[in-house]
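Heads up, the thing below is written out as structure tokens.
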Amino acid sequence: MATMRAVVYEKPFKVSVQRVQRPAIVHPDDVIVKVTTTCICGSDLHMYEGRVAAQTGIIFGHENMGIVDEVGNAVTLLNKGDRVVMPFNVACGRCLNCEEGKSAFCTHVNPGYVGG
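Okay, so the sequence shown: first residue is 0 according to numbering that gives the first Met the number 0, each after it adds one.
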């Protein structure tokens, strides 16, 4: 099993750097990025401080930059070795809202939940 390091939530005001299982390509649109730089977002702070529920074991640092390490067979806009920046919102890039530059309102990422 391949592993990587990650900041893992344990309980309010306690996180640690742990070895966790490296992700794998599951869906044809998946991309695996080797993170080179990340930060802790305000939403991470809410969990860290215990102001919102957080499941033990969640990995923090969802705003990051890195290098594409692996792509699913349906990925056409990225290649291994590309440098990428990933903001807080997740979007498909192909629905009408994404095509119009309104990726915060992606309709495909989490159907029924505007904003993903």
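Heads up, the beta-carbon is just placed ideally off N, CA and C, and yes, glycines get one too.
It should be emphasised that the depicted structure is a prediction, and the values quoted were computed from it without experimental measurement.
Residue i versus residue j: straight-line alpha-carbon distance, rounded
i, j, result
"ALA73", "VAL30", "10 Å"
"VAL70", "ASP28", "8 Å"
"MET46", "MET64", "22 Å"
"GLY114", "THR2", "At GLY114 the pLDDT is 46, less than 50, meaning the model places this residue with poor confidence and gives no usable figure here."
"VAL108", "SER102", "10 Å"
"ASN78", "GLY92", "16 Å"
"CYS94", "HIS26", "18 Å"
Cβ-Cβ separation, residue j to residue i (assumed contact under 8 Å), whole Å
i, j, result
"ASP68", "LYS33", "5 Å"
"ILE58", "VAL6", "7 Å"
C-beta atoms of residue i and residue j nearer than 9 Å
i, j, result
"VAL84", "CYS105", "no"
"GLN17", "MET0", "no"
"GLU9", "THR37", "no"
"GLY41", "PRO11", "no"
"GLY56", "ILE39", "no"
Delimiting residues of the beta strand (DSSP E) encompassing residue i
i, result
"GLY41", "Segment 41-47 is the alpha helix (DSSP H) holding GLY41; no beta strand (DSSP E) there."
"SER15", "13-20"
"ASP68", "62-70"
"ALA5", "2-10"
"ARG82", "82-85"
Host alpha helix (DSSP H) of residue i (start-end)
i, result
"CYS97", "95-98"
Bridge-paired residues (DSSP) for residue i
i, result
"ILE31", "GLU69"
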